[in-house]
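For the protein sequence lines, the chains are A and B, in the order given. Add 129 to a position in the first sequence, counting from 1, and you land on the number used in the numbering used here. Add 11 to a position in the second sequence, counting from 1, and you land on the number used in the numbering used here. Cβ atoms here follow ideal geometry from the backbone N, Cα and C, with glycine treated the same way. No experiment lies behind these values; they were computed from the predicted model shown. Since the structure comes first, as structure tokens, the remarks are kept for the end.
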Amino acid sequence: GNSVTQMEGPVTLSEEAFLTINCTYTATGYPSLFWYVQYPGEGLQLLLKATKADDKGSNKGFEATYRKETTSFHLEKGSVQVSDSAVYFCALSDRGGQFYFGTGTSLTVIP
Amino acid sequence: GAVVSQHPSWVICKSGTSVKIECRSLDFQATTMFWYRQFPKQSLMLMATSNEGSKATYEQGVEKDKFLINHASLTLSTLTVTSAHPEDSSFYICSARGGLHTGELFFGEGSRLTVL
């Protein structure tokens, strides 16, 4: 079946540090891949997405590349800010439109 | 992107009462809406999927008589927590898909329910 596994948190980084949150997936066919971000007390917001192999999604300095050979979609940012503190969810959507979410990774950035 | 709005954003109620949470797609027609429950520091738990004009499909372990879901129009779905108890206290989030955005999910802001 389809599933998403992402790095467990919590992750604590100093401001301007490099961020990587690992995400791997299991899916039949060719899913679309997403990263969602949830700020404290809010719903989820789409951060970036990629719909086919080798696509790179990017937004607000975050990037993730759809790697079919390693079934991965790792989230990266070169220099995090305090305002990036949030919970990040990796997700996939199968061809039927069903979504599968990872367990979420909490990121705290300290000044 | 598309906008999904939930209301109320937080609600406090007495044990035994019922609470209704609304989820609206503001600028697109949502053919499918999803309701999630999120416990503190945990992931999203899908409760049910609702398609406009038909009965909701509940996930295993979710009481359909407890959590009534109605998707009467293409822009509105409601979740009613009936005879709420303190263990129903949680953060409830809806998401919607449809219109030109069939490949994405758009989430509401979430509703914090506290049952006293």
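By the neighbour-count definition (other C-beta atoms within 10 Å, threshold 16), A/P160 is a buried residue. Non-local beta-carbon contacts of A/A146 in its own chain, meaning distances under 8 angstroms to residues more than five positions away in sequence, involve S208, V209, V238 in chain order. A/T141 and A/F218 have their C-alpha atoms some 16 angstroms from each other. At least 8 angstroms separates the CB of B/L87 from every CB of chain A. Cβ contact annotation for A/M136 (same chain, cutoff 6 angstroms, sequence separation greater than five): I150, N151, T234, in chain order. Using a Cβ-Cβ cut-off of 8 angstroms, B/I104 is close to G172, L173 of chain A, given in chain order. Take the alpha-carbon of B/P19 and the one of A/S214: they are about 25 angstroms apart. Chain order gives the chain B residues near A/G226 as T43, R108, T113, G114, where near means a beta carbon separation below 8 angstroms. If you draw a straight line from the Cα of B/G119 to the Cα of B/F45, it is about 10 angstroms long.
The way I'd put it, the region 48-62 of chain B does touch the region 95-114 of chain B; three or more beta-carbon pairs between them come closer than 8 angstroms.
Residue state for B/V15 is assigned as strand, using DSSP reduced to three classes. Residues of chain A with a Cβ closer than 9 angstroms to the Cβ of B/E120 are, in chain order, G170, E171, G172.
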